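Worksheet: one structure, shown below.
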Amino acid sequence: MKLLRNFLYNSAYQLLVLFLPFITMPYISRVLGPRGIGINSYTYSIVMFFTLFGSLGLSIYGAREIATVQDNIKDRSAIFWNVFLLKCVTVVIAWVLFMLFIPTIDHHYNIYYYAQSILFLTTMLDVSWYFAGMEQFKTIVIRNTLLKLVTVGLVFIYVKNVNDLVLYIIFINIGNLIANVSMVFGLKDQIQKPVYSKIFNSYFFIPLLPALALFLPNIAANVYLLLNKVMIGQLDSVISAGFYQQSDSIIKIVVAIITSLGTVLMPRVSSLYSEKKFREIKKYVYKSMNFSLALSFPLMLGIIGISSYFVPWFFGPGYESVVVLIRVESITLVLIAISNVLGMQFLVPTRRTRDFTISITTGAIVNIALNPFLIMRFGALGAMVATVVAELVVVIVQMYLLRNAFNFLKLFSGVWKYFICALIMALAIIFINHHLELESKWIIILCDVVIGIFTYVMSNILFRTDIVMELNHFRKHKF
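Following my numbering, the numbering of the sequence shown begins with 475 at its first residue and continues without gaps.
So, in structure tokens, the structure goes:
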């Protein structure tokens with residue numbers, strides 16, 4: 475039950491982080507326009523590169539290490555202060571490098587870069603990794619909800635046109651900063667005060683080595699999004715970068731739902747690995763893969779089915795190019811679902827960091843190699859195609875590296891049923907769209923969603939899929 479609660483809390487948190495911008499998107503898309511959205515996306519991506527280098531994988535490392543000493547306040551306090559203070563040092567170094575970098579780039583966007591630089595302080599004070607390691611996802615959700623809602627309120631009140639882009643950037647970043655500060659205060663009763671003589675010694679930089687091992691896959695995993703937007707802005711236009719951003723924002727909300735279980739399972743698998751319960755670990759992986767694919771197939775085909783109505787209704791006029799982008803990017807939902815289970819839920823917590831790094835880095839190299847050619851020829855669509863190919867490469871490499879750890883025929887034995895059920899759902903949506911003559915796009919979208927969910931659920935029951943059998947088993951034993 476604790477795992478289920480943590481999954482629900484983490485799903486709520488991920489949706490909170492991504493869904494509130496989703497609420498503001500229709501308004502912001504119309505107020506700032508494609509160019510304003512593109513400038514925000516382009517400048518944020520460059521700043522994010524520096525903050526990623528400042529983090530050096532320390533958050534993932536910290537969550538993993540805290541998970542292994544959950545019941546020992548002395549050890550977890552020592553780990554927390556070492557990771558937190560070391561992260562402060564590395565983020566400050568990254569900020570200095572960023573300040574040296576700003577004068578060398580396009581001066582038209584300097585004010586936006588400075589507004590985005592609040593992200594450095596936000597990254598420094600982010601201690602959500604501690605609560606993730608302690609499996610205390612409730613704390614994260616409760617402390618962030620109110621502050622995020624206040625941020626949304628400020629955006630609606632003060633951001634009125636494209637000239638308010640700087641205000642929009644500041645509001646979003648300040649909201650995230652205050653949320654992280656509030657979590658720092660939540661540590662008061664959980665960890666002991668630091669003993670600086672025991673922290674600032676020859677062992678202070680020891681976490682850098684394992685964290686650096688996690689850093690490569692961390693930066694590589696983000697390069698698909700960040701580098702794509704930077705290269706689109708450089709090789710095409712910031713407007714195209716804005717189209718890419720809008721498509722990716724929608725897909726990232728869906729990805730958060732699919733991968734939420736991975737964030738919850740990583741500390742659990744780390745704990746089981748330290749106890750050498752290898753059979754238990756594999757059981758979780760099999761169930762997680764089943765759950766992830768049961769979600770990802772209908773979400774992928776559902777997005778493809780409703781995008782032609784959803785995009786113009788949601789973003790407004792001028793964003794028609796986003797339709798094809800979101801359809802292509804939706805393919806990554808299934809690929810990310812698989813790589814998240816194999817990578818974040820197995821390779822990372824079982825300390826096979828080298829294999830995880832190889833898989834993610836290979837995908838990043840493929841992405842970087844394809845981007846210049848595809849973006850120059852097809853613009854933002856080319857970047858989307860490169861991303862899909864890169865995610866496919868990640869899955870193939872991970873499956874090869876884990877060929878002796880899992881029986882993949884067993885792991886994917888029920889996949890065809892989920893695909894058929896999702897295909898039936900998609901055909902039902904297409905039928906509705908062709909025969910439902912309504913002028914209101916949101917009513918068509920609502921009908922698509924309701925009929926789609928009903929069709930998919932009934933198809934799963936008819937095919938007696940694994941997820942249905944699991945739910946029946948849970949219901950019988952719980953009630």
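C-beta: ideal position from N, C-alpha, C; glycine also. In this text, all values refer to a predicted model and were calculated from it rather than measured experimentally.
Length of the line joining the Cα atoms of residue i and residue j
i    : j    : result
I709 : V889 : Residue identity check: residue 709 is Leu in the sequence provided, not Ile. Rounded to whole angstroms, L709 to V889 spans 39 Å at the Cα level.
I502 : G707 : 20 Å
K548 : L559 : 17 Å
L621 : G627 : 10 Å
T836 : A685 : 19 Å
V557 : I520 : 25 Å
A768 : N584 : 45 Å
Y874 : I941 : 26 Å
N546 : F605 : 15 Å
W787 : V797 : 11 Å
V658 : E794 : 43 Å
E911 : L901 : 17 Å
F893 : P772 : 8 Å
F895 : M522 : In the sequence on display, residue 895 carries Cys and not Phe. The alpha-carbon atoms of C895 and M522 are separated by roughly 39 Å.
N881 : R753 : 13 Å
L526 : N696 : 9 Å
N841 : K751 : 37 Å
K954 : V655 : Summary: the structure shown does not reach residue 954, with the chain confined to residues 475 through 953, and so no result is reported for it.
Beta-carbon proximity check, residue i vs residue j, cutoff 9 Å
i    : j    : result
A811 : T733 : yes
A854 : F717 : yes
V729 : T827 : no
M899 : G776 : yes
S551 : D600 : no
L571 : F524 : yes
L876 : L821 : yes
L506 : V636 : yes
Residue i in three-state terms, based on DSSP
i    : result
Q666 : coil
P823 : coil
R877 : coil
T791 : The sequence given here has Pro at residue 791, not Thr. Correct three-state label for P791: coil.
L910 : coil
N934 : helix
I706 : helix
G853 : coil
V633 : coil
D580 : coil
M608 : coil
K757 : helix
K548 : helix
D600 : coil
V543 : coil
Residue i classed as buried or exposed, judged by whether at least 16 other C-beta atoms fall within 10 angstroms
i    : result
S833 : buried
E913 : exposed
T564 : buried
E609 : buried
V924 : exposed
E956 : Past the boundaries of the shown model lies residue 956; the chain is included only from 475 to 953, so the question cannot be answered.
N764 : buried
Q720 : buried
Q819 : buried
F905 : exposed
I917 : exposed
W598 : In the sequence on display, residue 598 carries Met and not Trp. It is buried - the Cβ of M598 has at least 16 other Cβ atoms within 10 Å.
Contact set for residue i: own chain, Cβ-Cβ below 7 Å, skip 5 residues either direction
i    : result
L641 : Y632, V633
I780 : I903, I919, D922
V871 : I832, S833, T836
Contacting residues, own chain, Cβ-Cβ under 8 Å from residue i (five flanking each side not counted)
i    : result
N647 : A589, Q590, I592, L593, T596
L494 : K622, L623, T625, V626
A687 : G531, T827, R828, T831
T939 : A768, G888, K891, Y892, C895
F464 : Residue numbering for the chain in the displayed model covers 475 to 953; residue 464 lies beyond these limits and cannot be assessed.
Residues of its chain near residue i, where Cβ-Cβ distance is below 6 Å and the 5 sequence neighbours each way are ignored
i    : result
G926 : G776, M899, I903
M705 : N845, I849
S933 : C895, I898
I652 : L621
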